[in-house]
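Residue numbers 1 to 211, in the working numbering, belong to the letters of the sequence shown in order. C-beta: ideal position from N, C-alpha, C; glycine also. Note that this is a predicted model, so its numbers are computed, not measured. A quick write-up on the structure given underneath.
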Amino acid sequence: MENKLEIIREGIMDGDMHLVQTNVQEALDEGVSASEILNEGLIKAMGEVGRLFEEGEYFVPEMLIAARAMKAGLAILKPKLVDADIKPIGKVAAGTVKGDLHDIGKNLVCMMLEGAGFEILDLGTDVSPDQFVDSVKNQGVGVICMSALLTTTMPNMKNTVDALQEAGVRDSVKVLIGGAPVTQAYADEIGADGYAPDASRAATLAKQLLV
Ligand code: B1M
Numbered sequence: 001m002e003n004k005l006e007i008i009r010e011g012i013m014d015g016d017m018h019l020v021q022t023n024v025q026e027a028l029d030e031g032v033s034a035s036e037i038l039n040e041g042l043i044k045a046m047g048e049v050g051r052l053f054e055e056g057e058y059f060v061p062e063m064l065i066a067a068r069a070m071k072a073g074l075a076i077l078k079p080k081l082v083d084a085d086i087k088p089i090g091k092v093a094a095g096t097v098k099g100d101l102h103d104i105g106k107n108l109v110c111m112m113l114e115g116a117g118f119e120i121l122d123l124g125t126d127v128s129p130d131q132f133v134d135s136v137k138n139q140g141v142g143v144i145c146m147s148a149l150l151t152t153t154m155p156n157m158k159n160t161v162d163a164l165q166e167a168g169v170r171d172s173v174k175v176l177i178g179g180a181p182v183t184q185a186y187a188d189e190i191g192a193d194g195y196a197p198d199a200s201r202a203a204t205l206a207k208q209l210l211v
């Protein structure tokens, strides 16, 4: 059984979605629980992918194909996870801020968060402060991840933090920000809870903040 989980982990790290799909199904057929496949197979492998990315051994393409393989495995696992009533560790709303259409980095953040065990509400691009507020008020979101790639759209991160404050929900959500022009200093300045320089560290930080 350990062997099967090892094959799943290696399949994800190599981006081999067919190998992952086949072995997730076979592991289930052999009676391995969905939660064990999720935690010891999919999530562990994505953690390793994140580590290699941070160490400069993996780059964006490797991370994307690993995430695609992880998602292929997760698709098979999802109905079983629902049956077994396995709860995600938290719900995250992710979006690129108003006026900004760049979504490659934001999509990577979503994938790493999903790999880390979060439920993702992907709000897409050009997301208004009101949409973020609505996700907290009406959709059970506990963490917001905002992405901005343009210096001209970064102020919409502050506008979103202000809108959360005005709506009276700022204290019920953690706000994380990222994107090429964004810095820790900017996160401090606008009163965000954290800044992550890449998708892997966004997932680590989201987990830390929920503890
Ligand atoms: Co645009 N663009 N673009 N662009 N584009 C940049 C950002 C730019 C730096 C290029 C340049 O001039 N050198 C420049 C911005 C300059 C500035 O503001 N200082 C720029 C510009 C000017 C523009 C337009 C205005 C161009 C025009 O029309 N005149 C226009 C704006 C459109 C709009 O948004 N309203 C525009 C359009 C586009 C395309 C549509 C053509 C395309 C986007 C396609 C898409 O996303 N679907 C595009 C692209 C591809 C780029 C570059 C080349 C690449 C961006 C990218 O995807 N990087 C970019 C130049 C560059 O960065 N080299 C550029 C890869 C991605 C994985 O990295 O998004 O940084 P990144 O994500 C990282 C981290 O930042 C972090 O994790 C990811 C990695 O793990 N991260 C987060 C990201 N979000 C996070 C959120 C978090 C945490 C971490 O939350 C907690």
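(1) How is the alpha helix (DSSP H) around Met111 delimited, first residue to last?
(2) Just to check, is the beta-carbon of Lys98 closer than 7 Å to a non-hydrogen atom of the ligand B1M?
(3) Which first and last residues belong to the beta strand (DSSP E) in which Ile120 is found?
(4) Considering Leu176, what are the terminal residues of the beta strand (DSSP E) in which it resides?
(5) Using the three-state DSSP reduction, which class does Thr204 fall into: helix, strand or coil?
(6) Report yes or no: do three or more beta-carbon pairs, one from the stretch 119-129 and one from the stretch 97-109, lie closer than 8 Å?
(7) Going by beta carbon distance, what residues of the same chain come within less than 8 Å of Ile37, once the five residues before and after it are set aside?
(8) Going by DSSP, which residues form a beta bridge with Val92?
(9) Check the DSSP bridge columns for Tyr195 and list the partner residues they point to.
(10) Beta carbon of Leu209, beta carbon of Pro181: below 8 Å?
(11) With Ala187 and Val133 assumed to form a contact (beta carbons below 8 Å), what rounded beta-carbon distance in angstroms separates them?
(12) Taking all protein chains shown into account, decide if Gly178 is buried (16 or more other Cβ within 10 angstroms of its Cβ) or exposed.
(13) Quick one: any contact between the stretch 137-144 and the stretch 154-173, if contact means 3 or more CB pairs under 8 Å?
(14) Thinking just about the alpha-carbon of each residue, which of Pro79, Val82, Ala84 and Ala45 is nearest to the one in Ile65?
(15) Within this structure, are the beta carbons of Gly31 and Met112 separated by less than 8 Å?
(16) For Gly117 and Thr151, what's the separation of their Cα atoms in angstroms?
(17) Mapping the DSSP letters down to three states, classify Val169 as helix, strand or coil.
(18) Can you tell me where the alpha helix (DSSP H) holding Met46 begins and where it ends?
Short version:
(1) DSSP places Met111 in the uninterrupted alpha helix (DSSP H) bounded by Ile104 to Gly115.
(2) Remark: the shortest separation between the CB of Lys98 and any heavy atom of the ligand B1M does not fall under 7 Å.
(3) Annotation: the continuous beta strand (DSSP E) that includes Ile120 extends over Glu119 to Val127.
(4) First-last of the beta strand (DSSP E) with Leu176: Lys174 to Gly178.
(5) Helix at Thr204.
(6) A contact exists between the stretch 119-129 and the stretch 97-109.
(7) Within the same chain, Ile37 has close Cβ partners Leu5, Ile8, Val24, Ala27, Leu28, Gly73 and Leu77.
(8) Residue pairing from DSSP places Val92 in a beta bridge opposite Ile120 and Val143.
(9) Tyr195 pairs with Ile177.
(10) No. Outside cutoff.
(11) About 19 Å; that fails the 8 Å criterion.
(12) Counting the other Cβ atoms within 10 Å of the Cβ of Gly178 gives 16 or more, which makes it buried.
(13) The answer is yes - the stretch 154-173 touches the stretch 137-144, with three or more Cβ pairs under 8 Å.
(14) For Ile65, the closest C-alpha among the options Pro79, Val82, Ala84 and Ala45 is that of Ala45.
(15) No; because the gap between Cβ atoms is not below 8 Å, this pair is not in contact.
(16) Approximately 31 Å, taken between the alpha carbons.
(17) Reduced to three states, the DSSP call for Val169 is coil.
(18) Secondary structure note for Met46: its alpha helix (DSSP H) is the uninterrupted segment Lys44 to Glu54.
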